[in-house]
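Have a look at the structure below before the remarks.
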Amino acid sequence: MKKEVKLSVDEILKQKSFQTAKIVAGKKGVTRTVKWVHVMEITNVSNLLNGNELILTTGIGWKDIEGSLLSLVKQLIECQVSGLCVELGEYVSEISSDLIKLADRFNFPIIVFNREVRFVDITEEIHTLIIKRNYQMVTDLEEYSRKLNEVLLEADPKMAVLNMLQKQLQLPVIYLSNDGHDSIVSNKSEKENHSLLRLVKESSLGKKEFITRQKINVLNQDYAELIIIDKADSVTEFEKLLLDRTVTALAQIILRELWTEERRKAKQTDWIQKWLNGEHNEEQIKRYLEEITPGIKLERAIVVLIKVDLDPDDSNITYLKLFLRNIFQNQGFHLLPAMMENSLVLILIDNGSQSNYKQRVGIAIERIIKTKYLTKHSYPHLQISVGKPVHHLTEIKKSYELAKEASIIREKVRNEKTGYFYEDLHIYRIINAAYDQGILYEFVSDYLKPVIIFDRQNNTKLMNTLRLYLKFNGSKKETAKHLFIVRQTLYHRLEKLYELIGEDFMEPPKRQAFELAVAAYEYLDGAKQTPKEKD
């Protein structure tokens, strides 16, 4: 027997205050839910109701208005009211045939009292019943939650929770997991269970079944889905509340399982660190990967480096790994994480089932950056860099080194919208190499020193003017627009640039040298090493 939280019209008709009542229309609507009982004696009620009310009336407010009762019922139907109770007597003598036809058409219950009744007794009785029912619901939910907490301590808590929900509802309970480990608990035979599970997964259930499903979310990711099915009636509010609590318990179980597994995998860190340092040969790598992930495909691998200011043993690192693993797995990558210095290094092994690896990595990174989960867990701003993919596993060190180089570049060129991928850093790859060789400072000074000194001495922004003028290929209109100045002001600035660096700076290949020098200046500015006036 279903446990209803709210009353229905049919249940109300069985109460003491309705012993003399008679339903004269809309008998098929007696299953309608009643949330409250309300007395109304006016004709315009559309803006006064929320729905699911049972209305009591004597008709005193509209006794002299022809057709007013029919109009009232139309309004009540539109407002999703549960039913109308009319006291027949001084103000309303009978329910017309037109009104009965209307109520029958919309299954809207009309109940009549053939003698005078005390509305105060009716509202008191029904409201008391509603309050008691709600109190009992809260009590039952608390008891269910208490039992759930006990079950969570059992050896196989997941199945224990599913069995507990099924026993409480006496309905089929289905658990669909993203990893394919699905379960079904019901009173049906094993064959019927397999058939039902297949129909649910194929979304092939008939129209007679009422199905309620709820995602099980852990760390902002959907890991599974809990489903209950009823062939007799729609799921009640009480059953939905039970489902909510069960989903919360299952989420705790999943999180605990993921935590345990991630801590176990943390023991792989030493081996992964040696791999990143190039200390394993091809055969050792293949054998190890096959042991930890049987059947893994080794199409390509790529390193993602994430700077995090956390201790390697901090519990937040474990949660972060869990979060990242699910995101990258959804994009077709197997993830091997390891802490290296102040960075979390992710080796992504592509399973080879899809091309466009770069697009998939980018989608994962954008999801990481945008998620609200990170802002709640000590690392709201993650700096992410990606190396180049390698097809030979012994070359993973190269991808790691390029990811570190990309991280250094992106750290120094913060005001430039650089990509996450090393291969998208373009000119900055040359600039970084020149910086490492110690020749970048001199190169920038050779081309830009007069402009830099002039800006510092006069508190001007000729360098920015030069940068935009080069960016827009010498277009004075676009340059002035992005500098938010009039064309005449730009002409004065360009005259000063001609005086400082020569009128031929837009001629190739000198222009290419200046473009490189401007980008290099921004790089050095990020490194706090721009040329000084006295140099």
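For the sequence shown, the residue numbers in the working numbering are 1080 to 1614. Heads up, the beta-carbon is just placed ideally off N, CA and C, and yes, glycines get one too. These figures come from a predicted structure and were not determined experimentally.
Query - Assigned secondary structure, GLU1132 (DSSP; H/G/I helix, E/B strand, else coil) - result: It is a strand residue.
Query raised in the report: Would you call THR1325 buried or exposed, if buried means 16 or more other Cβ atoms sit within 10 Å of its Cβ?
Result: Buried: at least 16 other Cβ atoms inside 10 Å.
Query raised in the report: With distances taken between CB atoms, is the gap from ILE1174 to ILE1189 smaller than 8 Å?
Result: In contact: ILE1174 and ILE1189 (Cβ atoms closer than 8 Å).
Query raised in the report: What is the rounded straight-line gap between the Cα of LEU1403 and the Cα of GLU1370?
Result: Roughly 22 Å between the two C-alpha positions.
Report task. Note down the Cα distance separating PRO1459 from LEU1399, rounded to an integer number of angstroms. Result -> With a pLDDT of only 49 at PRO1459, under 50, the local geometry of the prediction cannot be trusted, and the value read off the model is given with reservation. Distance between the alpha carbons of PRO1459 and LEU1399: 12 Å.
Query raised in the report: How close, in whole Å, do the beta carbons of SER1422 and LEU1384 come, if the pair is a contact with beta carbons under 8 Å?
Result: Yes, SER1422 and LEU1384 are in contact; Cβ-Cβ is about 5 Å, under 8 Å.
Query raised in the report: Does the Cβ of VAL1597 have 16 or more other Cβ atoms within 10 Å, making it buried, or fewer, making it exposed?
Result: Buried, since its Cβ has 16 or more Cβ neighbours within 10 Å.
Requested in this report: To the nearest angstrom, report how far apart ARG1225 and THR1315 are at their CA atoms.
Outcome: Rounded to whole angstroms, the separation of the alpha carbons of THR1315 and ARG1225 is 21 Å.
Requested in this report: Give the secondary structure of GLN1462 by DSSP, where H, G and I count as helix, E and B as strand, and everything else as coil.
Outcome: DSSP places GLN1462 in strand when its eight states are reduced to three.
Requested in this report: On a CA-only basis, which of ALA1599, GLU1601 and SER1554 is nearest ASP1585? Give me that one, please.
Outcome: The sequence shown places Met at residue 1585, rather than the Asp named in the question. Check the Cα spacing between MET1585 and each of ALA1599, GLU1601 and SER1554: the tightest is with SER1554.
Report task. Look at GLU1220 and VAL1240 and say whether their C-beta atoms are less than 8 Å apart. Result -> It is Leu, not Glu, that sits at residue 1220 in the sequence shown. No, Cβ-Cβ distance for LEU1220 and VAL1240 is not below 8 Å.
Requested in this report: Pair every Cβ in the region 1350–1358 with every Cβ in the region 1265–1277, then say whether three or more of these pairs are closer than 8 Å.
Outcome: The region 1350–1358 is not in contact with the region 1265–1277.
**Report entry** DSSP bridge partner residues for CYS1164 (one or two, in chain order)
**Finding:** CYS1164 pairs with LEU1135 and ILE1190.
Query raised in the report: Are the CB atoms of LEU1151 and VAL1124 nearer to each other than 8 Å?
Result: Between LEU1151 and VAL1124, the C-beta spacing is below 8 Å.
Query - Reference GLN1247; option with closest CA among ASP1235, PHE1412 and LEU1321 - result: Per the Cα distances, LEU1321.
Query - Member of ILE1488, ALA1513 and VAL1492 whose CA lies at the smallest distance from the CA of TYR1501 - result: In terms of CA proximity to TYR1501, ILE1488 leads the group ILE1488, ALA1513 and VAL1492.
Query - Presumed contact (8 Å Cβ cut-off) between LEU1155 and LEU1178, rounded CB distance - result: Incorrect: roughly 11 Å between the Cβ atoms, too far for contact.
Query - Member of ILE1506, ASN1537, GLU1578 and GLU1594 whose CA lies at the smallest distance from the CA of TYR1548 - result: Taking only the C-alpha atoms, the option nearest TYR1548 is GLU1594.
Requested in this report: Please determine if the region 1435–1450 and the region 1469–1487 are in contact, where contact requires at least 3 C-beta pairs separated by less than 8 Å.
Outcome: The region 1435–1450 vs the region 1469–1487: no contact.
Query raised in the report: The alpha helix (DSSP H) with MET1418 in it runs from where to where?
Result: Segment 1412–1419 is the beta strand (DSSP E) holding MET1418; no alpha helix (DSSP H) there.
Query raised in the report: Secondary structure at ASP1525, three-state DSSP: helix, strand or coil?
Result: Under the three-state reduction of DSSP output, ASP1525 falls in the helix class.
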